[in-house]
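This report concerns only the one structure given below.
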Ligand code: COI
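In the working numbering, the protein residues as written are 33 to 406.
What follows is the structure in structure tokens.
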């Protein structure tokens, strides 16, 4: 059965808000910032500011602020701490070759944030406000955007703040946007990674929250991810919850398969898989390169058989954080197999370059995906 996507209503998409701005009195100095930006890794280096917007049932969205990044104080009864009502997004700002700053398809994240909110019974942040918040933070913290290979990873999130222990949707929420200067997600850069096939755990079931970007999905992946690390793997790969045979996605990334006839395949968006912006962009790029593209289920038995007979030549993971990362080896309790001699495949690299070149302004953008902030 295919599930209908959550209904998101068209109202309020364009509603704007006025931000008050109180810049930090203690910005990180230029030398200290330059040292941090030399090798930021992923998700450890944070900028000087954050954006917050409050929502209450009575007042709707209000109190929009650009302010110093600092700890948030929460009532210990805040609903998020008990029932996990939380959603988030991830997108990047890049320095282009002409020194301007651009975002990549931010309206897609704004839309998905609303869809996630609907699924988690939370208020829908108007897309225009989401985009305003992003622009405000990118402008005030532009000095934190690494040049070269790095980027500014933007992390919008929203959680239930009402102090109430009854189980129902919170009447108060806080939207927060922080930013982190990042290099590559995996330590080895674009080198092929090894994935662990989880036989014990699943990530999402039909009717659940798999298509929403909510913290709970990631919490549910952590034990399996820890198991992957214990077995010397970089990431976990999940199978479907009903039959334990269909490949769904990695801990936080979509997955693609490349075949010897040049075609590519990725699991369909059937309600348990995240609607990845990178996934969608790669499907478009692959089609426009003339590749046959299938959004169809792929079983683990078939993956193994195709890899062993050479019909499957490449596989890769993709996401905002990971960009396009080749998968060279699959390990599980029943053994392991390799893909394409664990080398970095040509179509994987072609797609990665085509995407990154558009994101960084090194190639024309016929799709209108890049949005200049200034
Ligand atoms: C992303 O690619 O933005 C993700 O959400 C993956 C992970 C860092 C949570």
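Each residue gets a CB set at the ideal place from its N, CA and C atoms; glycine is no exception.
Bear in mind that the values here come from a model prediction, so they are computed numbers and not experimental data.
Per DSSP, which one or two residues make a beta bridge with residue i?
i           : result
residue 86  : 94 and 206
residue 394 : Partner(s): none; residue 394 has no beta bridge.
residue 334 : BP columns for residue 334 are empty, so no partner.
residue 188 : 209
residue 413 : The first residue shown for the chain is 33 and the last is 406, placing residue 413 beyond what the model contains.
residue 374 : DSSP, once it has assigned bridges, lists no residue as partnering residue 374.
residue 53  : 98
residue 241 : None, per the DSSP bridge assignment.
residue 297 : 289 and 326
residue 276 : Answer is none; residue 276 lacks a bridge partner.
residue 81  : 100
residue 369 : 362
residue 183 : 214
Mind checking residue i: buried by the 16 CB within 10 Å criterion, or exposed?
i           : result
residue 178 : buried
residue 281 : buried
residue 34  : With a pLDDT of only 46 at residue 34, under 50, the local geometry of the prediction cannot be trusted, and no value is derived from it.
residue 50  : exposed
residue 271 : buried
residue 89  : exposed
residue 394 : exposed
residue 217 : buried
residue 158 : buried
residue 202 : buried
residue 155 : buried
residue 367 : exposed
residue 396 : exposed
residue 398 : exposed
residue 106 : exposed
residue 108 : exposed
residue 322 : exposed
residue 400 : exposed
residue 318 : buried
Tell me whether the beta-carbon of residue i lies closer than 8 Å to the beta-carbon of residue j.
i           : j           : result
residue 93  : residue 85  : yes
residue 192 : residue 237 : no
residue 315 : residue 269 : no
residue 136 : residue 402 : yes
residue 149 : residue 172 : no
residue 406 : residue 212 : no
residue 304 : residue 339 : no
residue 288 : residue 350 : yes
residue 194 : residue 66  : no
residue 76  : residue 122 : no
residue 251 : residue 233 : no
residue 225 : residue 359 : yes
residue 235 : residue 278 : no
residue 290 : residue 380 : yes
residue 101 : residue 210 : yes
residue 307 : residue 354 : no
residue 144 : residue 245 : yes
residue 248 : residue 241 : yes
residue 47  : residue 161 : yes
residue 364 : residue 231 : yes
residue 181 : residue 163 : no
residue 141 : residue 362 : no
residue 81  : residue 169 : yes
Specify, as a first and last residue, the run of the beta strand (DSSP E) that residue i falls within.
i           : result
residue 350 : 344-351
residue 118 : 118-120
residue 135 : 133-136
residue 410 : The requested residue 410 is not part of the displayed model; the chain covers only 33 to 406.
residue 106 : Where residue 106 is concerned, there is no enclosing beta strand (DSSP E), given that its DSSP letter is neither H nor E.
residue 126 : 123-127
residue 271 : 267-271
residue 156 : That residue, residue 156, is in no beta strand (DSSP E); it is neither H nor E in DSSP.
residue 403 : 402-404
Residue i lies in the alpha helix (DSSP H); which residues open and close that run?
i           : result
residue 310 : 309-320
residue 247 : 247-262
residue 161 : 159-172
residue 200 : Counting along the chain, residue 200 falls outside any alpha helix (DSSP H), and DSSP gives it neither H nor E.
residue 113 : 111-115
residue 282 : Looking at the DSSP string, residue 282 is not in any alpha helix (DSSP H); the run it does join, the beta strand (DSSP E), is 279-282.
residue 232 : Run containing residue 232: none; DSSP gives neither H nor E here.
residue 65  : 62-70
Is residue i near the ligand SAH, judged by its Cβ being under 7 Å from some heavy atom?
i           : result
residue 352 : The model depicted lacks the ligand SAH and carries the ligand COI instead.
Counting only beta-carbon atoms, is residue i nearer than 8 Å to chain C?
i           : result
residue 138 : As a matter of chain content, chain C is missing from the structure shown, which is built from one protein chain.
Subject >> Meets three-Cβ-pair contact criterion under 8 Å: the stretch 78-98 and the stretch 48-57 >> reply: yes
**OP:** Assess, as a yes-or-no matter, whether the stretch 278-296 is touched by the stretch 341-358 under the definition of 3 or more beta carbon pairs within less than 8 Å.
**Re:** yes
**OP:** Pair every Cβ in the stretch 368-375 with every Cβ in the stretch 310-324, then say whether three or more of these pairs are closer than 8 Å.
**Re:** Contact between the stretch 368-375 and the stretch 310-324 is absent, because fewer than three Cβ pairs lie under 8 Å.
Original post:
Counting pairs of Cβ atoms below 8 Å between the stretch 377-392 and the stretch 123-133, do you hit three or more?
Top reply: yes
**OP:** Could you tell me whether the stretch 197-217 touches the stretch 330-345, where touching means 3 or more Cβ pairs closer than 8 Å?
**Re:** no
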